[in-house]
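Here the protein sequences come in this chain order: A and B. With the numbering used here applied, the first sequence covers 1 to 291. With the numbering used here applied, the second sequence covers 292 to 582. No residue lacks a Cβ here, since even glycine has one placed at the ideal position from N, Cα and C. Given the structure is predicted, the values throughout are model-derived calculations rather than measurements.
Number of protein chains: 2
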Amino acid sequence: MFYIIGLGLGNAKDVTVKGLEIIKRSKSVYLESYTSILPVGKEELEELYGRSIIVADREIVEGSTDEILENARNDDIAILIVGDPFTATTHIDLALRAKEKNIEVEIVHNASIMNAVGCCGLQLYSFGETISIPSWTEKWQPDSYYERIIYNYNRGLHTLCLLDIRVKEPTIESLVLKKKVYMPPKFMSVAEAASQLLKIIEQKNKIKKGSAVISAENYVVGLARVGSDSQKITVCTLTEMEKTDLGPPLHTLIIPGLPLHPLEIEYVKQFATDITMFQERMEGRRIPRNK
Amino acid sequence: MFYIIGLGLGNAKDVTVKGLEIIKRSKSVYLESYTSILPVGKEELEELYGRSIIVADREIVEGSTDEILENARNDDIAILIVGDPFTATTHIDLALRAKEKNIEVEIVHNASIMNAVGCCGLQLYSFGETISIPSWTEKWQPDSYYERIIYNYNRGLHTLCLLDIRVKEPTIESLVLKKKVYMPPKFMSVAEAASQLLKIIEQKNKIKKGSAVISAENYVVGLARVGSDSQKITVCTLTEMEKTDLGPPLHTLIIPGLPLHPLEIEYVKQFATDITMFQERMEGRRIPRNK
């Protein structure tokens, strides 16, 4: 049997009792390490599991899929995924390839950022489409995701922005060489995401005033290491978020749709840098400067 | 400390290792039983936990909140929630009331239907706003949720439809009496949800042909008991879904946005009642009859 086991988000003990039982009895256990990261190291996992695990980057998972899956024909093989197994397309693909080989697959679900963001107090029912914010380079600065934020915003829906993760990506220069050279891992921070959004807003407003819809004064929610003991949530304007340091990855940004539900205001305000200002703005008792 | 612990969806062992440790050491453990249900009974949970739990319906949770929370001032008290803690508004409210009393709150996340629906192969990034389908009565037949389905659909986004749950609701007749009489618990099935949608479609098309956007021939995904050993997923047209019995609750319905991604087609087709027809329709090689 081939098991795809979600590890949740925070620490080693976020694995489910069912997941742990399977890990303990599996012949080989892989830890997928390129679509997300846990705030804890491999060693901590191995200690709880009482067994060794193989850290599997993109090359191992995608390059040795056949071998990994063939082993699952006669033995129990497990691959561990940070969050919930099917959040990333790559794991749906993995399950599909197992099924094509007539190898049985079992999924063990867990929390993922897609539901755990509820911890900030914004209602999950009021989220629209989730988007990904890619890291800009000097020459590649896509902004098509912005329109999807606005689409949600105009409907009063919140947007969950997943921030770029780059792990073990070869440098462009090394792609033509025989031996690949890898860039250091890079995880986008809420400050970088806010900075990109502010640039897009500025550009749009330069073309036509107000066409950006969202402004630098909009409140946004920054989250770091959701579900872990060092979880941080900050609520401030986009301008302030650009200057905010939430510490180590992973970070997530939410652009709330308006108006907020009274219960959302009540809960979210505990994370605001300026609680009075946040509450007055959200309750419509204070108008932002540039609107 | 007041702990709000997600139990996940499927069975007793879906609790996390962290959650189980807290449950074992807490002074009192409540199981919230009115916003969702587990496919396993209280006894099975108690056996795994090695301790007794108190099943808490709406009256207990909402009526005795102060008492429950006050006990958490000096002792560890846990409330167990099916799925993830903050999926329902009522639990955000509970955390808020604890914070108002200066009682520390800790959340233990888990899988919820909001992310576990990924098990059908539709990408979570391609879901729009989640909606709830309420049970109709003879006199109360709201259909405003339909417009939100269409809004997602027109953007090519999938809609997750949470189906009505009614647990321990007093009969209308008994509301005027001193002693409340409760209706039997009721969980909407995918067949009932499909039936409602078909009625709305018929009504809309009667007013103006084609204004329903979605037709009886649209493919939908029915899911039952997601995450449990008896999980069932069926993919068929809305007309067929009206006649489909997926067994005991909970059920969930998805209205997929189109076109599907090739990987989605590849994965979802395994659940189709007519795989060839589904594939041809999704790949645009066969046109539905009434379009």
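So, do the segment 299-311 of chain B and the segment 328-339 of chain B have three or more beta carbon pairs nearer to each other than 8 Å?
Yes, the segment 299-311 of chain B touches the segment 328-339 of chain B.
What separation, rounded to the nearest whole angstrom, lies between the Cα atoms of A/S135 and A/V190?
Numbered from its first residue, the first sequence carries residue 135 of chain A at position 135. Numbered from its first residue, the first sequence carries residue 190 of chain A at position 190. The alpha-carbon atoms of A/S135 and A/V190 are separated by roughly 12 Å.
Do three or more CB pairs link the segment 122-130 of chain A to the segment 146-153 of chain A at distances below 8 Å?
Enough Cβ pairs lie closer than 8 Å, so yes.
Please state whether DSSP places B/V559 in a helix, a strand or coil.
On the second sequence, position 268 is the one that residue 559 of chain B refers to. It is helical.
Of the choices B/D366, B/G518 and B/S319, whose alpha-carbon is the least far from that of B/I344?
Your numbering for residue 344 of chain B matches position 53 in the second sequence. Ranking B/D366, B/G518 and B/S319 by Cα distance to B/I344 puts B/S319 first.
Can you list, in chain order, the residues of its chain whose CB lies under 6 Å from that of B/P376, leaving out five sequence neighbours each side?
Residue numbering aside, residue 376 of chain B sits at position 85 when the second sequence is read from its first letter. The residues are I295, G297, H382 and I398.
Counting Cβ pairs closer than 8 Å, one from the segment 510-521 of chain B and one from the segment 309-319 of chain B, do we hit at least three?
The segment 510-521 of chain B vs the segment 309-319 of chain B: no contact.
Buried or exposed: which applies to A/Y30, given that a residue is buried once 16 or more other Cβ atoms fall within 10 Å of its Cβ?
Here residue 30 of chain A corresponds to residue number 30 of the first sequence, with the count starting at 1. By the 10 Å Cβ count, A/Y30 comes out buried.
Taking the CB atoms as reference points, tell me whether B/F562 and B/V511 lie closer together than 8 Å.
Within the second sequence, the letter at position 271 stands for residue 562 of chain B. Within the second sequence, the letter at position 220 stands for residue 511 of chain B. Result no, Cβ atoms of B/F562 and B/V511 do not sit closer than 8 Å.
What are the partner residues of B/H449, as DSSP defines its beta bridges?
Here residue 449 of chain B corresponds to residue number 158 of the second sequence, with the count starting at 1. According to DSSP, which records beta bridges pairwise, B/H449 is partnered with B/F418.
I need the boundaries of the beta strand (DSSP E) containing B/L322, first residue and last residue.
To locate residue 322 of chain B, count along the second sequence from 1; it is residue 31. Counting along the chain, the beta strand (DSSP E) containing B/L322 begins and ends at S319 to E323.
Just to confirm my understanding: we take A/E280, look at its own chain, exclude 5 residues before and 5 after, and list those with CB closer than 7 Å. What are they?
Start at 1 with the first residue of the first sequence, and residue 280 of chain A comes out as number 280. Only R286 meet the Cβ criterion.
Over what stretch of residues does the alpha helix (DSSP H) that includes B/K523 continue unbroken?
Locating residue 523 of chain B in the second sequence gives position 232, where the first residue counts as 1. Unbroken run through B/K523 is the beta strand (DSSP E), K523 to T528; no alpha helix (DSSP H).
With 16 other CB atoms within 10 Å as the buried threshold, where does B/V467 fall?
Against the second sequence, residue 467 of chain B aligns to sequence position 176. The residue in question, B/V467, is exposed, as its Cβ has fewer than 16 Cβ neighbours within 10 Å.
Between which two residues does the beta strand (DSSP E) harbouring B/H542 extend?
For the purposes of this step, residue 542 of chain B is taken as the residue at position 251 of the second sequence. From DSSP, the beta strand (DSSP E) with B/H542 extends over H542 to I546.
So, B/A503 versus B/T530, is the Cβ gap smaller than 8 Å?
Within the second sequence, numbered from 1, the residue matching residue 503 of chain B stands at position 212. Within the second sequence, numbered from 1, the residue matching residue 530 of chain B stands at position 239. Not closer than 8 Å, so no.
In three-state DSSP terms, what is A/P170?
Within the first sequence, residue 170 of chain A is the residue found at index 170, counting from 1. Of the three classes helix, strand and coil, the one that applies to A/P170 here is strand, per DSSP.
Checking contacts by CB at 8 Å: is A/C119 closer than that to chain B?
Taking the first sequence and counting its residues from 1, the one referred to as residue 119 of chain A is at position 119. For A/C119, the answer is yes, since a Cβ of chain B falls inside 8 Å of its Cβ.
With DSSP collapsed to three states, give me the class of A/G83.
For this step, residue 83 of chain A is matched to residue 83 along the first sequence. If DSSP states are grouped into helix, strand and coil, A/G83 belongs with the strands.
Short check: CB of B/M546 to CB of B/H449, under 8 Å?
Along the second sequence, one-based indexing puts residue 546 of chain B at 255. Along the second sequence, one-based indexing puts residue 449 of chain B at 158. A small fix is needed here, since residue 546 of chain B is Ile in this sequence, not Met. Cβ atoms of B/I546 and B/H449: closer than 8 Å.
When the Cα of B/P579 is compared with those of B/V458, B/A515, B/I370 and B/I505, which residue comes out closest?
Against the second sequence, residue 579 of chain B aligns to sequence position 288. Answer by Cα proximity: B/I505.
Taking 8 Å as the threshold (beta carbon to beta carbon), is A/K99 in contact with chain B?
Walking along the first sequence from the start, residue 99 of chain A turns up at place 99. Chain B, which has a Cβ nearer than 8 Å to the Cβ of A/K99, makes this yes.
Below 8 Å on C-beta distance, what does A/Y267 contact in chain B?
The sequence position of residue 267 of chain A within the first sequence is 267, counting from 1. Neighbours of A/Y267 on chain B, chain order: I383, A386 and L387.
Would you please state the rounded distance, in angstroms, between the beta carbons of A/G2 and A/E104? I believe it to be under 8 Å.
Numbered from 1 along the first sequence, position 2 holds the residue referred to as residue 2 of chain A. Numbered from 1 along the first sequence, position 104 holds the residue referred to as residue 104 of chain A. Here residue 2 of chain A is Phe; the residue named in the question, Gly, does not match the sequence. Confirmed, Cβ separation roughly 7 Å.
Between A/A292 and chain B, is the shortest Cβ-Cβ distance under 8 Å, so that the two count as touching?
Nothing in the structure corresponds to residue 292 of chain A, since chain A is present only between 1 and 291.
In chain A, which residues lie with their C-beta within 7 Å of the C-beta of B/I398?
Position 107 of the second sequence, counting from 1, holds the residue named residue 398 of chain B. Correct list: C119.
Note down, in chain order, every chain A residue with its Cβ under 7 Å from the Cβ of B/N445.
Counting from 1 along the second sequence, the entry for residue 445 of chain B is found at position 154. In chain order: nothing, as chain A lies at least about 11 Å away.
Give the secondary structure of B/E334 by DSSP, where H, G and I count as helix, E and B as strand, and everything else as coil.
Here residue 334 of chain B refers to the residue found at position 43 when the second sequence is read from its first residue. Reduced to three states, the DSSP call for B/E334 is helix.
Out of A/L260, A/S112, A/V61 and A/P142, state which residue places its alpha-carbon closest to the alpha-carbon of A/Q203.
Within the first sequence, the letter at position 203 stands for residue 203 of chain A. Nearest of A/L260, A/S112, A/V61 and A/P142 to A/Q203, Cα basis: A/P142.
Would you verify that the beta carbon of B/V306 is, or is not, closer than 8 Å to some beta carbon of chain A?
Taking the first residue of the second sequence as 1, we reach residue 306 of chain B at position 15. Yes, B/V306 lies at the interface with chain A (some Cβ there is under 8 Å from its Cβ).
Quick check on DSSP: helix, strand or coil for B/T307?
Residue 307 of chain B sits at position 16 when you count from the first residue of the second sequence. In the structure shown, B/T307 sits in a strand (DSSP, three-state: E or B).
Skipping 5 residues on each side, what residues in its chain have a beta carbon closer than 6 Å to that of B/N509?
Here residue 509 of chain B refers to the residue found at position 218 when the second sequence is read from its first residue. Answer for B/N509: L529, listed in chain order.
For A/A224 and B/V517, what's the separation of their Cα atoms in angstroms?
Locating residue 224 of chain A in the first sequence gives position 224, where the first residue counts as 1. Locating residue 517 of chain B in the second sequence gives position 226, where the first residue counts as 1. Going from the Cα of A/A224 to the Cα of B/V517 covers about 29 Å.
Just grab the DSSP bridge partners of B/E397 for me.
Here residue 397 of chain B refers to the residue found at position 106 when the second sequence is read from its first residue. B/Y294.
If we cut at 8 Å on Cβ distances, does A/E43 have a partner in chain B?
Here residue 43 of chain A corresponds to residue number 43 of the first sequence, with the count starting at 1. By this cut-off, A/E43 is not an interface position.
I'd like the span of the beta strand (DSSP E) that includes B/V352, first residue to last.
As a first step, residue 352 of chain B is located in the second sequence; it is residue number 61 there, counting from the start. That residue, B/V352, is in no beta strand (DSSP E); its alpha helix (DSSP H) goes R349 to G354.
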